[in-house]
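**Student:** Residue numbers (numbering that gives the first Met the number 0), protein chains in the order written: chain C, 0 to 669; chain D, 0 to 337. Attaching a single structure in structure tokens format; questions to follow.
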Amino acid sequence: MKISYHWLKEYVAFQLSPQELADELTSVGLVVADIKPVEDDFCLDIEVTSNRPDCLGIIGIAREVAAIAGGSVHFPETNFVTADTSISPLITVTVEEPILCPCYSARVIRHITVAPSPEWMQKRLQCIGLRPVNNIVDITNYVMMETGQPLHAFDLDKITAHKILVRRAMSGEEIVALNGARRALFHDMLVIADGKKPVAIAGVMGGKETEVSEVTRNILLECAQFEPRQVRRTSRALGIASDSSYRFERGTDYDGIDRVSQRASRLIKDCSGGEIANGAIHITSGRHETKKITLRMEWLHKVLGTEIKSDRVLDILKKLSFKILNDTENFIDVEVPSFRSDVCREIDLIEEVARIYGYNKMPIKTSISIRGHTKNRYEIVEDHVRQFLIGLGFYEVKTFSIVDASPLQSINLWLDRTGIEIVNPLRQEESRLRTSLLPSLINVKLYNLNHGTEQIKIFEIAKVYLAGNKLPLEKNCLSLLSDADFLTLKGVFEALLRNLGVVSLCEWIPFNESRLFRDGRAARIQMGNDLVGYFGEASQELGFKEILCLVEIDLDVLVEKVNFAKKYLDLPQYPAVFRDLALLVNEEVTWSSLEKCIIGTRVDFLKELKFFDVYRGKQIPAGKKSVAFGLCFQTKDRTLTGEEVDDAQQMIVDTLNRTLGAELRKAVTV
Amino acid sequence: MVDKLEAVTRNLHEEICSIDTRKEAEQLRIKYLGRKGIINDLMKLIPTLPIDRRADFGQRVNSLKSEFTNSIETLLQKMSVQAVPAVKAELFDITLPGKPLSGGKKHPLTQTIDDMKEVFANLGFEVAYGPEVELEYYNFEALNIPADHPSRTDFDTFYIKDDVLLRSQTSTVQIRIMEKQKPPIRIIAPGRVYRPDTVDARHSFMFHQVEGLLVDEGVSFADLKGVLYQFIKGYFGQNVQMRFRPSFFPFTEPSAEVDISCSLCGGKGCSVCSYSGWVEILGAGMVDPNVFKAVHYDPEKYTGFAFGMGVERITMLKYGINDIRLFYENDLRFLSQF
């Protein structure tokens, strides 16, 4: 809402410079975003919150200034002399939808001369950014800016059958609005119609056909109240917004309508030389009850945490035009002025008192009770994971949850559930919720590559969204991307699990998703029945020159497995015996089968099994590979003898030979 | 005999002094201390001495033996230290850079959220979460924002279905928590929120908020000021000033916006604070009685306050970042600065 500094002074006396005025208004909740000098005036751009439609007119601002600066508000002249001709034969008005139009007021002004408006009015309108059109249009704008109540002037001679009908639009009807937009109308929209067709979209915009032009001689001046939600819905549906719809949506002052109509008529008479027909059509429906509220002083003090003297409270309320019906030591009964649609409850009055009293004058209390704080499990794990990965040189990234519908982004690793589409996306690039973080990490990799960073190690902790019943399943995921090969990143993953105290064994099951992972270099990771995640080197299809490794982990599952409970184990007192073995096995024999087999021998003093390497070379026959690993034997209570270690080793080698066809290539006693 | 002992002693000293290597020392030890060594030979002479001189001679041989043992051990020890080949006298440049090792970094937005969590943790606030895809009810009606209310204009929203949307504010978590728990409540809820804003330097269709809620008996606006005062001093620094301005949020009454003195110009006025000396950092207020009604709390019994702030905005202010898009491009040259 833009206002002119000098225009404001017409309604209230104050001794504040534009900057001081701006500061004062800001401190009561009317934020002045900008002060701009315009010729000999200043334009103040005020941010009016949506609960204060009364401040969408300069008089409303003047009331606030009066409350701050202590003056009183002067209302503009509204009296005029009418012609002898009565309004009744000139126009009839019928309101078919009294709920959507609780009040409709019409006046007729005849024999006007459409001309430019007076210079003082043009200057004021220009100061607040409105373009002068002609005296009639300018006056409706001027009065709207003054009072916050929109008005509309029709060319009376273009109204068919001298008839105004406030009704719902009929199917098939359309209108060309003042701004030239042609719109089809629907039954849920309210229109102002004449004997034949809609001439205005109620509360939104007038029609082009009945617009006031240079040749207009007689006008119908409409001043009405329309139901805010109806105006808002229609304005949105038609994609037409105006200064009027902006005000109607927020609510206008029911009681002010006749006075505003008189004010505009008076100005039109003064500026256009017309004559005002005798009487007005004023159709109202329902009873508009005045609101009465009781303010308990005790509650006021309780909510604000400070005592404000009742004299001060009364003073503030009076200045804001609240009528004091009753005041005792403990209670104040007030009547709410009709323009304060936002004040309905005791708490609203408390805000009014606090606002004018000054938020910054209220005390700062630091006496809230002591309360211990505990971190929840998810938070602890998340912090831990983050800290661990950062220590290993990984950078945390944050990418958008809303992604495009490209094949890469459509990959769904989790369940056979579909992704979730947004009904009203801004652009196709952001039209669905993601089902994996990995495509976004790949995009981050590409971005960095294109900006000169060759090597990156990144991770993200965020949600993926999987279609559910009413609400989707939101799964917390941890995803990593690194310029590393499979085993290097697997090492990071395993170290992370150890760090989190996860003891469950991981099963690495071959997995194919060639849009994301390289065939034969990808795995689904399973811990018992729980799916933990997906792991693999990046697919060649992604077009990276270097090896890149990716992993996506279900963080919620991981959190379940974490165990931070720690117990000390005695350090070994007796020496360990190490044996390094190299076995010749068929290519198909996996490490995990070797591992299972060795653990299966149940040698109780086998303390550790450590993989060294896989060797394929001249000495190794085709179709075979040599797998080298170390065995560590140790007991808690004695030194192992050479013989028992030899026996155990032999037993292990024999078992591997029997079950997996492994042949001993080399054994080294360390 | 004594002469012989003295000759041996003299030779021994000469020989010890001429030793250069470990090997020579070892040989010398065997020569004197070995089974057929010189000292043993001396011992063998004892029975040939007259009885009255045996004790004295024996003592002298023994002391020679222990003296020699000590010297040779010391020598051997010295040599083992010196065994490392002497470094040639080339100049080592101690100013050369260390071997590169890059640590990772938390995303700056995570750092901001963590810092906030820490300050609020000290005030007893626990972290709470809620879904990002929400029922319309939690985003609007329960927060006292009825359908077709003009304030909904301030909360344009992405929809998934008719009554399912992407939350446009973390205030939804207030309702979720109050539905589950009875007062006292003291939580903060960090998280992602979504609004259909066209992306530019100041806007993003996804951003982060931190919401706070405290509900108990006898909580007042002065307590709200107290908690935010502690937060602002704790997070932005002791010298920062704060200012409360009346504002409007459907879910709080009275409502306030909170400004802090501009850290860039110290309140004098600059482009960051639009020459006002103040920058807005959060919205707050006393929980509206209608919100309490929605979660079946007695508004006559309980009062409380809520506050919310934009994580991107505060991070941008803190570091002087001028483009919100940088947070989501994840350029390592950006991320590594924080």
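All C-beta atoms, glycine included, are put in the ideal place defined by N, C-alpha and C. What you are looking at is a predicted structure, and each value in this text was computed from that prediction instead of being measured.
For a test of the three-state rule: what should DSSP assign to residue 433 of chain C, helix, strand or coil?
**Tutor:** The residue given as residue 433 of chain C occupies position 434 in the first sequence. Coil, per DSSP.
**Student:** Is residue 271 of chain D closer than 9 Å to residue 258 of chain D when the C-beta atoms are compared?
**Tutor:** Along the second sequence, one-based indexing puts residue 258 of chain D at 259. Along the second sequence, one-based indexing puts residue 271 of chain D at 272. Taking 9 Å as the Cβ cut-off, residue 258 of chain D and residue 271 of chain D do not qualify as a contacting pair.
**Student:** Identify the continuous alpha helix (DSSP H) that holds residue 119 of chain C and give its terminal residues.
**Tutor:** The count along the first sequence starts at 1 and reaches residue 119 of chain C at position 120. Note, residue 119 of chain C: alpha helix (DSSP H), 118-126.
**Student:** Looking only at its chain, what residues have a beta carbon closer than 7 Å to the beta carbon of residue 47 of chain C, apart from the 5 residues adjacent to it on each side?
**Tutor:** Counting from one through the first sequence, the residue named residue 47 of chain C turns up at place 48. Here the set comprises 0, 29, 54 and 55.
**Student:** Can you tell me the Cβ-Cβ gap for residue 275 of chain C and residue 81 of chain C, rounded? I've got them flagged as a contact below 8 Å.
**Tutor:** In the first sequence, the residue the question calls residue 275 of chain C occupies position 276. In the first sequence, the residue the question calls residue 81 of chain C occupies position 82. Contact holds; Cβ gap of about 5 Å.
**Student:** Distance check for residue 298 of chain D and residue 294 of chain C, CA to CA, integer angstroms please.
**Tutor:** For this step, residue 294 of chain C is matched to residue 295 along the first sequence. For this step, residue 298 of chain D is matched to residue 299 along the second sequence. Rounded to the nearest angstrom, the two C-alpha atoms are 15 Å apart.
**Student:** Taking buried to mean at least 16 other C-beta atoms within 10 Å of its own C-beta, is residue 103 of chain C buried or exposed?
**Tutor:** Here residue 103 of chain C corresponds to residue number 104 of the first sequence, with the count starting at 1. The residue is buried, with at least 16 neighbouring Cβ atoms inside 10 Å.
**Student:** Would you decide whether residue 610 of chain C is buried or exposed? Buried here means 16 or more other CB atoms lie within 10 Å of its CB.
**Tutor:** Residue mapping note: residue 610 of chain C aligns to position 611 of the first sequence, counting from 1. Exposed, because fewer than 16 other Cβ atoms sit within 10 Å of the Cβ of residue 610 of chain C.
**Student:** Does chain C have any CB closer than 9 Å to the CB of residue 288 of chain D?
**Tutor:** On the second sequence, residue 288 of chain D is found 289 positions in, with the first residue counted as 1. It does; some Cβ of chain C falls within 9 Å.
**Student:** DSSP on residue 631 of chain C, reduced to helix/strand/coil?
**Tutor:** Here residue 631 of chain C refers to the residue found at position 632 of the first sequence. Three-state DSSP puts residue 631 of chain C in a strand.
**Student:** Counting only beta-carbon atoms, is residue 160 of chain D nearer than 9 Å to chain C?
**Tutor:** Locating residue 160 of chain D in the second sequence gives position 161, where the first residue counts as 1. Chain C, which has a Cβ nearer than 9 Å to the Cβ of residue 160 of chain D, makes this yes.
**Student:** Which ranges would you report for the alpha helix (DSSP H) in the stretch 473-538 of chain C if only whole runs of at least 4 residues count?
**Tutor:** 485-498, all fully within the stretch 473-538 of chain C.
**Student:** Residue 37 of chain C: which of C:2, C:60 and C:65 sits nearest, CA to CA?
**Tutor:** Counting from 1 along the first sequence, the entry for residue 37 of chain C is found at position 38. The shortest Cα separation from residue 37 of chain C among C:2, C:60 and C:65 belongs to C:2.
**Student:** My understanding is that residue 212 of chain D touches residue 305 of chain D, with C-beta atoms under 8 Å, so please give their C-beta distance in whole angstroms.
**Tutor:** Within the second sequence, the letter at position 213 stands for residue 212 of chain D. Within the second sequence, the letter at position 306 stands for residue 305 of chain D. Right, the Cβ-Cβ distance comes to about 5 Å (below 8 Å), so this counts as a contact.
**Student:** Within its chain, find whatever has a CB closer than 6 Å to the CB of residue 68 of chain C; leave out the 5 residues flanking it on each side and keep chain order.
**Tutor:** Along the first sequence, one-based indexing puts residue 68 of chain C at 69. 13.
**Student:** Between residue 487 of chain C and the rest of its own chain, which residues show a CB-CB distance below 8 Å, the 5 nearest in sequence each way excluded?
**Tutor:** Here the question's residue 487 of chain C lines up with position 488 in the first sequence. The answer, listed in chain order, is 481 and 548.
**Student:** Using only alpha-carbon positions, find the residue among C:260, C:366, C:91 and C:79 that is nearest to residue 162 of chain C.
**Tutor:** As a working note, residue 162 of chain C is residue 163 in the first sequence. Residue C:91 is the option with its Cα nearest to residue 162 of chain C.
**Student:** Measuring only the C-alpha atoms, how far is residue 542 of chain C from residue 514 of chain C?
**Tutor:** Translated into the one-based positions of the first sequence, residue 542 of chain C becomes position 543. Translated into the one-based positions of the first sequence, residue 514 of chain C becomes position 515. About 11 Å.
**Student:** Mind checking if residue 361 of chain C is an interface residue toward chain D, Cβ cutoff 9 Å exclusive?
**Tutor:** Position 362 of the first sequence, counted from the start, is the residue given in the question as residue 361 of chain C. Residue 361 of chain C counts as touching chain D.
**Student:** Considering residue 229 of chain C, what are the terminal residues of the beta strand (DSSP E) in which it resides?
**Tutor:** Reading the first sequence from its first residue, position 230 is the one you call residue 229 of chain C. Taken as a continuous stretch (DSSP letters only), residue 229 of chain C belongs to no beta strand (DSSP E), being part of the alpha helix (DSSP H) at 227-237.
**Student:** So with CB distances below 9 Å, who are the chain C contacts of residue 173 of chain D?
**Tutor:** Within the second sequence, numbered from 1, the residue matching residue 173 of chain D stands at position 174. Correct list: empty, because the minimum Cβ distance to chain C is about 17 Å.
**Student:** Beta carbons nearer than 8 Å to chain C: which residues of the stretch 226-246 of chain D have them?
**Tutor:** Listed in sequence order: 226, 228, 229, 242, 243, 244, 245 and 246.
**Student:** My guess is that residue 202 of chain C and residue 153 of chain C are in contact by the Cβ rule of under 8 Å, so how many angstroms apart are they, rounded?
**Tutor:** Numbered from 1 along the first sequence, position 203 holds the residue referred to as residue 202 of chain C. Numbered from 1 along the first sequence, position 154 holds the residue referred to as residue 153 of chain C. Going by Cβ atoms, the distance from residue 202 of chain C to residue 153 of chain C rounds to 15 Å, so no, they are not a contact pair.
**Student:** Following the continuous alpha helix (DSSP H) through residue 68 of chain C, name the residue where it begins and the one where it ends.
**Tutor:** One-based indexing of the first sequence puts residue 68 of chain C at position 69. 57-68 is the span of the alpha helix (DSSP H), which, as asked, contains residue 68 of chain C.
**Student:** Taking residue 301 of chain C as the query, report the chain D residues whose CB atoms sit under 8 Å from its CB, ordered along the chain.
**Tutor:** Indexing the first sequence from 1 puts residue 301 of chain C at position 302. What residue 301 of chain C touches in chain D: 217, 219 and 302.
**Student:** Can you check which of these residues, C:391, C:315 and C:204, is closest to residue 71 of chain C by C-alpha distance?
**Tutor:** As a position in the first sequence, residue 71 of chain C is number 72, starting the count at 1. The residue with the shortest Cα to Cα distance from residue 71 of chain C is C:315.
**Student:** Can you have a look at residue 148 of chain C and say buried or exposed, based on whether 16 or more other CB atoms are within 10 angstroms of its CB?
**Tutor:** To locate residue 148 of chain C, count along the first sequence from 1; it is residue 149. Per the 10 Å Cβ criterion, buried.
**Student:** Hey, would you say residue 195 of chain D sits closer than 9 Å to residue 155 of chain D, going by beta carbons?
**Tutor:** By 1-based counting over the second sequence, the position of residue 195 of chain D is 196. By 1-based counting over the second sequence, the position of residue 155 of chain D is 156. Yes, the Cβ-Cβ distance between residue 195 of chain D and residue 155 of chain D is below 9 Å.
**Student:** Between the stretch 204-216 of chain C and chain D, which residues of the former have a C-beta closer than 9 Å to a C-beta of the latter?
**Tutor:** Listed in sequence order: no entries.
**Student:** Verify the CB distance criterion: does residue 49 of chain C have a CB-CB separation below 9 Å to chain E?
**Tutor:** No chain E appears in this structure, whose protein chains are C and D.
**Student:** I'd like to know whether the C-beta atoms of residue 206 of chain C and residue 174 of chain C end up nearer to each other than 9 Å.
**Tutor:** Counting from 1 along the first sequence, the entry for residue 206 of chain C is found at position 207. Counting from 1 along the first sequence, the entry for residue 174 of chain C is found at position 175. Yes, the Cβ-Cβ distance between residue 206 of chain C and residue 174 of chain C is below 9 Å.
**Student:** From residue 336 of chain D to residue 460 of chain C, what distance separates their C-alpha atoms?
**Tutor:** Here residue 336 of chain D refers to the residue found at position 337 when the second sequence is read from its first residue. Here residue 460 of chain C refers to the residue found at position 461 when the first sequence is read from its first residue. Whole-angstrom Cα-Cα distance: 20 Å.
**Student:** Classify residue 136 of chain C as buried or exposed, calling it buried when 16 or more other Cβ atoms lie within 10 Å of its own Cβ.
**Tutor:** Taking the first sequence and counting its residues from 1, one reaches residue 136 of chain C at position 137. Result: buried.
**Student:** Regarding residue 164 of chain D and the ligand MN, is the C-beta to nearest heavy atom distance less than 8 Å?
**Tutor:** As far as ligands go, the structure on display features none, and thus does not contain the ligand MN.
**Student:** State yes or no: is the beta carbon of residue 124 of chain D nearer than 9 Å to at least one beta carbon in chain C?
**Tutor:** Here the question's residue 124 of chain D lines up with position 125 in the second sequence. For residue 124 of chain D, the answer is yes, since a Cβ of chain C falls inside 9 Å of its Cβ.
**Student:** Counting contacts by CB-CB distance shorter than 9 Å, is residue 211 of chain D in contact with chain C?
**Tutor:** By 1-based counting over the second sequence, the position of residue 211 of chain D is 212. Chain C, which has no Cβ nearer than 9 Å to the Cβ of residue 211 of chain D, makes this no.
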